[in-house]
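What follows is one structure encoded as structure tokens, with my remarks underneath.
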Amino acid sequence: MTRRLLLSYLTLVMLVLLALEIPLGVIYGRAAKERVTAAAEEEADSLAAFAALALRGDQPGPLRRRVAECARRIGGEVFVFDADGRLLVSSRPIPPGEVREMAATSQIRTALRGRSAVDVRTGTAGGVAVLSAAAPIEAGHSLYGAVRVTVPTDAVHQRVHRVWLTLAVVGLAVLAAVAVVAFVLARWASRPILELERATGRLADGTLSARATLATASGPPEVRRLAAAFNQTAARLEHLMASQRAFAGEASHQLKTPLAALRLRLDNLEPDVAHSARSSLEAAMTETDRLARMVEGLLSMARLEEHATVREPVDLDAVTAERVRVWAPVFEARGSRLAFLGDPVGRVLAVPGAVEQILDNLLSNALRVSPPGTTVCLDRWRPLSSRRARGEGRTAWVELHVIDEGPGMDAEQRERAFDRFWRAPGAASGGTGLGLALVERLAVASGGRVSLEEAAGGGLTAVVRLRAVTDGRADGGGSRGRGRGGEGGEGKEEEAGSGGTGASPYPGPGGGARSFVR
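Quick note: the sequence shown uses this note's numbering, first residue -11, plus one each step.
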């Protein structure tokens, strides 16, 4: 912004200087030429009058002296011709050929015809720029000849060049002075605006503590008032968000212990409940588990919003392989199959733990809606346009696709699926409506995005896009491996075995509560 302001100031001043100095230089050059022309005309008229008296009285001696004196005074040359065009007197010796050429010029012929107008022409003599004037020698009605006076114009041109040079130097000096003053003014005006811009960007990125402190102390009054209003708005927003997060976190935390105690009491009541009431007890236990998962989801979202999210490089291949090993036994226990597709794609930028939570939620959703005997595909790939972008130094992306064979969603449902607590009509019981909302927040916090698409042949495809880490390594992005219903899949497919390790993330009774359903 400082450069733009400086360029605008200098451009304006330069236009003003050009509008002033160019006409001034042109006018001075024209005036200098007119002065030389007037002097040549005056010398020609004066010498013509003297020559008329000398020739009428047949006194060539005084005429020669006057010609020599005039030539010496003007620093040029003087020639006197008779009425027949013969050279009578000259300030220097000239060869006959040059005399004939000079007498044949239109300038001399015009003067020998007795015209009173003085013919002024410019030309060169011996390589020197000169200005010449010719006047008729007349006395009464008699024509005695013509006078030609030549004046060198080098001195005039040098004066004009010096004036142009002076104007240029003055213009450059003015530009330099204006540049210094304009730079100070531009810095004074732009620094608080730039700080306000950076603070606004930090606030938009989620740094609620961003403030524009310098902008309130310096700069134009309008900018200072704007910065003060921004700081007040940011402080108010930070307070409101902190209050909201504190309420959600504290309420969720306070609910965890009563829900755990309630679940324990329900477990203890199970042996003493009559067979006719056992279905009601199981429904109560299922609802308690759902509430526990909802509370855990609220806590996860509150923690995500509370802490500063710093993106770090994450080995996507290792994380996806580890989650597949963990989830494979769960899918097999449900009679489904988890397929791992795609070639290695390298590292991505993500909030620590975000990729694991995203995969857990998406796989949990896919498992819940997939009928037994179907396959859920976890596909990783780098789009071709992203590989070109990486080679050109632009932002490169990596995509994760989770493809299920469930009932799917229509366009309106896919649009609303990321709203908190929203659940699709006819969805399986036990869901909280927080899973996809948390996935979206984790993806956005990691600098990426998530979307839902209709899978080929039915079902749903969850697409997560994350920024690839471009560290100069060879691009490891393979071609996309197709999921169920795809054709020509080129990626390597790995079927997850059942030998995975780690605690099952499947949300069953007494199980972990990291995974949520839509």
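All residues carry an ideal CB built from backbone N, CA and C; glycine is no exception.
Note that the coordinates shown come from a computational prediction; the quantities given were computed from them, not determined experimentally.
Where does residue i fall in DSSP's three states?
i: A117; result: strand
i: P124; result: strand
i: F406; result: coil
i: G543; result: As displayed, the chain neither begins before -11 nor continues past 506, which places residue 543 out of reach and without an answer.
i: T458; result: coil
i: R97; result: helix
i: G159; result: helix
i: P301; result: strand
i: H129; result: coil
i: R136; result: strand
i: T(-1); result: helix
i: R147; result: helix
i: V512; result: The first residue shown for the chain is -11 and the last is 506, placing residue 512 beyond what the model contains.
i: L388; result: strand
i: R437; result: strand
Which residue from the options puts its Cα closest to that of residue i?
i: G63; options: I391, T141, A405 and L184; result: T141
i: R179; options: L6, L(-7), E65 and A280; result: L(-7)
i: L329; options: S352, R335, C365 and L225; result: C365
i: N353; options: L269, L448 and R429; result: L448
i: L41; options: E30, E29 and R54; result: R54
i: T363; options: R311, E270 and E320; result: E320
i: P458; options: T138, D303, L440 and A327; result: Sequence check: residue 458 is Thr here, not Pro. Of T138, D303, L440 and A327, the residue nearest in Cα terms is D303.
i: E393; options: H129, A327 and S120; result: A327
i: D331; options: D193, T308, P395 and E403; result: T308
i: R313; options: D348, L35 and L243; result: D348
Out of curiosity, what's the CA-to-CA distance linking residue i and residue j?
i: A443; j: V386; result: 19 Å
i: D305; j: G446; result: 27 Å
i: G479; j: G323; result: Any answer about G479 is weak, because its pLDDT of 37 lies below 50 and its placement is not dependable; what the coordinates show is given next. Each residue's alpha carbon lies about 25 Å from the other.
i: M273; j: E185; result: 53 Å
i: A174; j: V1; result: 15 Å
i: R437; j: P209; result: 40 Å
i: R368; j: E226; result: 37 Å
i: L228; j: F235; result: 11 Å
i: E475; j: T201; result: With a pLDDT of 35 at E475, under the threshold of 50, the predicted position of this residue should be treated as unreliable, and no value is reported.
i: A32; j: V135; result: 6 Å
i: S(-4); j: A177; result: 14 Å
i: R233; j: A450; result: 28 Å
i: R197; j: N256; result: Inspection of the sequence shows that residue 197 is occupied by Ser rather than by Arg. Their Cα atoms are separated by approximately 49 Å.
i: I346; j: A431; result: 8 Å
i: R97; j: A167; result: 59 Å
i: L153; j: E65; result: 30 Å
i: W410; j: A425; result: 9 Å
i: A265; j: R453; result: 48 Å
i: D260; j: A271; result: 16 Å
i: V14; j: V144; result: 13 Å
In chain order, what residues of the same chain have a beta carbon less than 8 Å from the beta carbon of residue i, not counting five sequence neighbours either side?
i: T276; result: L247, L250, R251 and L254
i: L5; result: G159, V162 and L163
i: L100; result: F69, A71, G73, P124, L131, G133 and A134
Report all residues from its chain with a CB closer than 6 Å to the CB of residue i; omit the five preceding and five following residues, and keep chain order.
i: T204; result: R212, A215 and A216
i: L43; result: Y132
i: L76; result: V68 and D70
i: V137; result: A28, E31, A32, V66 and A121
Could you confirm whether any beta carbon from chain C is found closer than 7 Å to the beta carbon of residue i?
i: G128; result: Chain labels in this structure do not include chain C; a single protein chain is all it has.
Between residue i and the rest of its own chain, which residues show a CB-CB distance below 7 Å, the 5 nearest in sequence each way excluded?
i: W371; result: The amino acid at residue 371 is misidentified as Trp; the sequence shows Pro. Correct list, in chain order: W385 and E387.
i: R88; result: none
i: N219; result: R199, A200 and T204
i: G435; result: R299, L337 and R455
Complete beta strand (DSSP E) runs within the region 213 to 287 (minimum length 3 residues, chain order): none
Enumerated in chain order, which unbroken segments of the alpha helix (DSSP H) with a length of 4 residues or greater are wholly contained in the region 175 to 218? none
Contained alpha helix (DSSP H) runs [length at least 4] in the region 15 to 68, N- to C-terminal order: 48 to 62
To test your reading of the DSSP string, which unbroken alpha helix (DSSP H) runs of 4 or more residues are found completely within the region 314 to 361? 342 to 357
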